[in-house]
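**Q**
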Amino acid sequence: MSTKKILYIQTSGPDTPERTASPFFLATAACLLDHEVTMLFTMRGTQLMKKGIAEHLYVKEGGETLQYFIDQALDAGVKFLVCTPSLDLNDMTKDDLIDSVSAIVGGTFVNEEALASDLVLSF
1 MSTKKILYIQ TSGPDTPERT ASPFFLATAA CLLDHEVTML FTMRGTQLMK KGIAEHLYVK
61 EGGETLQYFI DQALDAGVKF LVCTPSLDLN DMTKDDLIDS VSAIVGGTFV NEEALASDLV
121 LSF
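Under the UniProt record's numbering, the first residue of the sequence shown is numbered 1, with each subsequent residue one higher.
(1) Which of helix, strand or coil does DSSP assign to Lys94?
(2) Count the C-beta pairs between the segment 72 to 91 and the segment 41 to 49 that are closer than 8 Å, then say yes if the count reaches three, no if not.
(3) Kindly indicate which three-state DSSP category Glu112 falls into: helix, strand or coil?
(4) In the DSSP assignment, find the unbroken alpha helix (DSSP H) run with Tyr8 in it and report its ends.
(5) Would you kindly work out how many angstroms separate the C-alpha atoms of Ala116 and Ile6, rounded to a whole number?
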């Protein structure tokens with residue numbers, strides 16, 4: 001199988017925890033299949049990249065925290081990006097972000113990344 005470029009766009013945030021784990025799980029699986037995988041956090045999804053959030057966000061009662069899924073994705077090689085305007089939307093600055101965020105990107109970059117990807121999925 002040839003390597004594909006996959007972009008996952010995460011718009012769901014801590015207010016819908018049941019929607020947060022699947023993108024990380026799928027991104028991890030794609031990376032383990034040797035695909036080039038990026039997760040872009042925008043809208044409320046940006047809150048998932050805020051320090052202290054993932055460690056206390058349970059995907060389901062009695063289950064793993066979101067941090068577990070983030071760690072798996074990072075270990076597999078998934079790259080995390082945050083959309084610049086969404087920082088302002090969420091009253092955040094780059095200093096609020098976890099260290100694992102590779103870059104903060106603007107709208108032009110997001111569009112170029114989507115056009116260059118073989119697959120774009122949003123959650």
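For every residue, glycine included, the Cβ atom is placed at its ideal position computed from N, Cα and C.
**A** Taking the coordinates as given:
(1) The residue you call residue 94 lines up with position 94 of the sequence shown. Lys94 falls in the helix class under three-state DSSP.
(2) Look at the beta carbons and you see the segment 72 to 91 touching the segment 41 to 49: at least three pairs across the two are nearer than 8 Å.
(3) For this step, residue 112 is matched to residue 112 along the sequence shown. Helix at Glu112.
(4) Taking the sequence shown and counting its residues from 1, the one referred to as residue 8 is at position 8. Unbroken run through Tyr8 is the beta strand (DSSP E), Lys5 to Gln10; no alpha helix (DSSP H).
(5) Position 116 of the sequence shown, counting from 1, holds the residue named residue 116. Position 6 of the sequence shown, counting from 1, holds the residue named residue 6. Each residue's Cα considered, the two are about 9 Å apart.
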